[in-house]
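One structure is given below, encoded as C-alpha cells.
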Amino acid sequence: MENNEIQNDLASIRNLMERSSKFISLSGLSGVLAGVYALIGAGLAYSMLYRGQSRIYAVPDESGFALLNDAIIVELLLIAAAVLILSVGTGIYLSYKKAKRKGQPLFGKVSQDLLFNMAIPLLAGGGLMLILLYRGYFGIVAPASLIFYGLALIGASNFTFTDVKFLGLCEVALGLLATCLPGYGLVFWALGFGVLHIVYGSVMYFKYDR
Amino acid sequence: MSVLVANQRYDFNSLKELLDVTDGNLASHLKALEKEEYILVNKSFLGRKPNTNYEATATGKQAFKNHLDALEKLISFQQSIR
Chain A
4 MENNEIQNDL ASIRNLMERS SKFISLSGLS GVLAGVYALI GAGLAYSMLY RGQSRIYAVP
64 DESGFALLND AIIVELLLIA AAVLILSVGT GIYLSYKKAK RKGQPLFGKV SQDLLFNMAI
124 PLLAGGGLML ILLYRGYFGI VAPASLIFYG LALIGASNFT FTDVKFLGLC EVALGLLATC
184 LPGYGLVFWA LGFGVLHIVY GSVMYFKYDR
Chain B
38 MSVLVANQRY DFNSLKELLD VTDGNLASHL KALEKEEYIL VNKSFLGRKP NTNYEATATG
98 KQAFKNHLDA LEKLISFQQS IR
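If you read the sequences in order, they're chains A and B.
Mapping to this note's numbering: the first sequence position 199 is 202, numbers consecutive.
Mapping to this note's numbering: the second sequence position 72 is 109, numbers consecutive.
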C-alpha cells in the first residue's frame, strides 16, 4: 500500500468516527454574531435601565407579582428574547451552510443528541429564572443564566467541538463571580454572552470554519 | 467499524445517512461483519416501525484496533526505508 493511500485511509476513518458522533457543523462565526447581538442588547438594556432611575437589584416582593408591577421587566425580557432568537436563527442558518459543505446532515442523529443534551440544563435554568423573576429576585437572574448556560455548554461539548467545554467553564466561573457582585448583572451578562462569545467564536472560526 | 467503535450503538438508517450508501450495499457489509462476529445486531420495534441497532463486539473492536496498528506500522516502516 502506498503511504498516501494509508494516510487517506486513516484520515477517512478518523473523519467517519468524528462525523458519526460529534456535530462538527457548528459554526464559529455564529458565535461571534451571537456575541455582537448580545452586546447590542446589553447596550439597549443599559440605556433603558440607567436613565436617571435607581437600580433595582434584589427586592423580594411579598405580593409575588413583581414581574407585572414593572413594565421595564417586560421590555428587558423582550430584548433578551430578541437576542436569543436572532442568535439561534443565525446559528442554524450558518450551521446549515457548513453542514452542507461537510456532508453532515443538519438534523441527523448527531445534532439531535446535541440538542437534547443542551435542552435539559437550559430548560431547568429557564424555568428557574422565570420563577425568580416572577417572585422579584431580579439580582440572581443574570448570574443564574450564565451558570446554567455554562453547564449546558459543558455537557454539549461531548457532542460537538471540545472547545465549547472551556467556554462553558468560563461562563460558570463568570456566573459565580456575578453572584458575588449583585447590581452588576448587566455587566456580567454583557461579558458572558457578548465578549466571551466573540472570543470563542473567533477561535472556533479560525480553527474549524476554513 | 469506525462508526461503531466511536459510538456505543448506531441504527441502520443513521448509518445509511452517514455513509451515503444504498440499503442493499449497507446490508451486505453489515451481514459480513456480523458473520465475523465483529458486530451484534439488535432488532426491535419503535411503535410499529422496525428498528435495527448495531453494536461492536469486543472481538470487533480488537480487530479494528489491529487494523489501525497495522496501518501505523506500515507508515513507520515506509518512512524508515526512505
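For each residue, glycine too, the CB sits at the ideal point set by N, CA and C.
The model shown is predicted, which means the values in this text are computed figures rather than measured ones.
| Query | Result |
| --- | --- |
| Residues of its chain near A/N120, where Cβ-Cβ distance is below 7 Å and the 5 sequence neighbours each way are ignored | G158, A159, F162 |
| Cβ-based contacts, 9 Å cut-off: residues of the segment 43-63 of chain B near chain A | A43, N44, Y47, D48, N50, S51, L52, E54, L55, L56, D57 |
| Cutoff 7 Å; reference A/M207; Cβ partners in own chain excluding five residues on either side | G31, G34, F164, D166 |
| Neighbourhood of A/L79 by C-beta distance below 6 Å, restricted to the same chain and skipping five residues each side | A48 |
| CB contact check: B/L108 to chain A, cutoff 8 Å | yes |
| Residue burial classification, A/R22 (beta-carbon count within 10 angstroms, cutoff 16) | buried |
| Classification of A/Q107 by the beta-carbon crowding that lies within 10 angstroms, buried from 16 upward | buried |
| Through-space distance from B/L56 to B/L105, alpha-carbon basis | 20 Å |
| Cβ separation of B/S39 and A/K112, assumed to be a contact under 8 Å, to the nearest whole Å | Wrong, their Cβ atoms sit about 15 Å apart, outside the cutoff. |
| Own chain residues within Cβ distance below 7 Å of A/L42, not counting five before or after | A193, G197 |
| Stretch pair the segment 5-17 of chain A + the segment 167-176 of chain A: three plus CB contacts closer than 8 Å | no |
| Where A/F140 falls: helix, strand or coil (DSSP) | Here residue 140 of chain A is Tyr; the residue named in the question, Phe, does not match the sequence. If DSSP states are grouped into helix, strand and coil, A/Y140 belongs with coil. |
| Secondary structure of A/V86, DSSP reduced to three states | helix |
| B/P99 at chain A interface by Cβ criterion, 8 Å | Position check: residue 99 of chain B holds Gln in this sequence, whereas Pro was assumed. Closer than 8 Å: no. |
| N-terminal and C-terminal residue of the alpha helix (DSSP H) that A/S15 is part of | 6-24 |
| Where the alpha helix (DSSP H) through B/A64 begins and ends | 60-72 |
| A/G44 versus A/A83, A/K25, A/Q10, A/S24, residue with shortest Cα-Cα distance | A/A83 |
| Interface residues of chain B facing A/N11 [CB-CB closer than 7 Å] | Simply none; closest approach about 11 Å. |
| Cβ-based burial, B/N44 [other Cβ within 10 Å; buried from 16] | buried |
| Chain-order list of residues whose beta-carbon lies under 7 Å from that of A/D116 (same chain, five-residue window excluded) | F162 |
| Contact list for the segment 13-40 of chain A against chain D, Cβ threshold 7 Å | In the structure shown, chain D cannot be found, because the protein chains are A and B. |
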